[in-house]
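Residue numbers (the working numbering): 67 to 304. C-beta: ideal position from N, C-alpha, C; glycine also. Computed from a prediction, not measured in an experiment: that's the story for all the values here. Accompanying notes for the structure given below.
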Amino acid sequence: MPEGQEIALGSQAYHETISNEPASKNTRLSNLVNRVGQRIAAVSGRNDYQWEFRLISSPTQNAFCLPGGKVAIYEGILPVCEDEAGLAVVMSHEIAHALARHGGERMSQNLAVDGVKMMAEKLTGDYAARKKQILMEAYRVGSKYGVLLPYSRKQESEADHIGLTLMAKAGYDPAAAPSFWTRFGSLAKGQQMPEFMSTHPADQRRANDLMALMEEANVLYAQAKEKHNRGESLLTSA
Ligand SMILES: [Zn+2]
């Protein structure tokens, strides 16, 4: 699928999602999400994207970025992030999946599997709707749209690496990344598994791999125009 078409579908899918899920009423946190997003977007190399950042009013612990820079963060994941730098870990990781077009490959596979079915649907005019649904599934948007499959281990490692680079360039302390994943991993015990974790196994290997990249990330962080360190806390609700 050509990138332009992927971006058009991403935009359509994003607007459908936000029209079904209310925006957060917390102005401080919505502004904070927008601020972190804008800083990451500024170092992403994709000034051509129509970036949008939305905080959704929901206890769901999830986040996603659709092709073209459409980012949604669910309120439920903010306490796990603890501070702006923790939020930058999640946002830069999801943005990295979109920049690397990780959903595209899965989408192509799903489209091929569904080829025969879609030929039939095309005749009944459901082709575009099904294609959009597959894109949403490929980028792990909302469980109601289908079974959320994790990205491959290789794609996860790549998104961790790109994400770490982005957050460091955006001026957030990259040390927040391994500590986020360690903290996130310890959440699983005895609770319902958060949506984000069901697709992101937060094991020690992930944290170790990030630790190994820290020297490189610290060089980028040292070169960042502005440093925000850990930023504002997300543990106060006001
Ligand atoms: Zn991921």
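In three-state terms, what does DSSP make of Q71? On the sequence shown, position 5 is the one that residue 71 refers to. Reduced to three states, the DSSP call for Q71 is helix.
Meets three-Cβ-pair contact criterion under 8 Å: the region 109–116 and the region 267–277: no
Please confirm whether A243 and V155 have their CB atoms less than 9 Å apart. Translated into positions along the sequence shown, residue 243 becomes position 177. Translated into positions along the sequence shown, residue 155 becomes position 89. Closer than 9 Å, so yes.
Give every residue of the same chain whose Cβ lies closer than 7 Å to the Cβ of D275, excluding the five residues on either side of it in the sequence, and list them in chain order. As a position in the sequence shown, residue 275 is number 209, starting the count at 1. Closer than 7 Å at the Cβ level, and outside the excluded window around D275, lie S223, D226.
A89 and I143 look like a contact to me (Cβ under 8 Å); what is the Cβ gap, rounded to whole Å? Here residue 89 refers to the residue found at position 23 when the sequence shown is read from its first residue. Here residue 143 refers to the residue found at position 77 when the sequence shown is read from its first residue. Contact flag wrong, Cβ pair sits at about 15 Å.
Buried or exposed: where does T83 fall if 16 or more other Cβ atoms within 10 Å of its Cβ makes it buried? Looking up residue 83 in the sequence shown gives position 17. Buried, because 16 or more other Cβ atoms sit within 10 Å of the Cβ of T83.
Taking the alpha-carbon of G70 as reference, which of G134, A79, I106, E160 has the nearest alpha-carbon? Residue 70 sits at position 4 when you count from the first residue of the sequence shown. The candidate whose alpha carbon is nearest that of G70 is G134.
Give the single residue among G251, I139, A162 whose Cα lies nearest to the Cα of R101. One-based indexing of the sequence shown puts residue 101 at position 35. Comparing Cα-Cα distances from R101 to each of G251, I139, A162, the minimum goes to I139.
Could you give the DSSP three-state label for Y205: helix, strand or coil? As a working mapping, residue 205 is identified with position 139 in the sequence shown. Of the three classes helix, strand and coil, the one that applies to Y205 here is coil, per DSSP.
Out of E148, I228, P125, L201, which one is the CA nearest neighbour of A283? Here residue 283 refers to the residue found at position 217 when the sequence shown is read from its first residue. Of the listed residues, the one whose Cα sits closest to A283 is I228.
If you measure between the beta carbons of Y205 and C131, is that distance less than 9 Å? Locating residue 205 in the sequence shown gives position 139, where the first residue counts as 1. Locating residue 131 in the sequence shown gives position 65, where the first residue counts as 1. For Y205 and C131, yes; Cβs fall inside 9 Å.
Which residues are close to ligand 1, meaning CB closer than 6 Å to any heavy atom, in chain order? H159, H163, Y217, E222, A225, H266
If we ignore side chains and look at the alpha-carbon of each, how far apart do S124 and K291 end up? In the sequence shown, residue 124 corresponds to position 58, counting from 1. In the sequence shown, residue 291 corresponds to position 225, counting from 1. Roughly 34 Å between the two C-alpha positions.
Write down every uninterrupted run of the beta strand (DSSP E) in the region 89–124 whose length is 3 residues or greater and which is fully enclosed by it, in chain order. 118–122
Candidates T248, E72, A79, A278: closest to H266 by CA position: Position 200 of the sequence shown, counting from 1, holds the residue named residue 266. Nearest option by C-alpha distance: T248.
Any idea what DSSP makes of S77, helix, strand or coil? Residue mapping note: residue 77 aligns to position 11 of the sequence shown, counting from 1. Reduced to three states, the DSSP call for S77 is helix.
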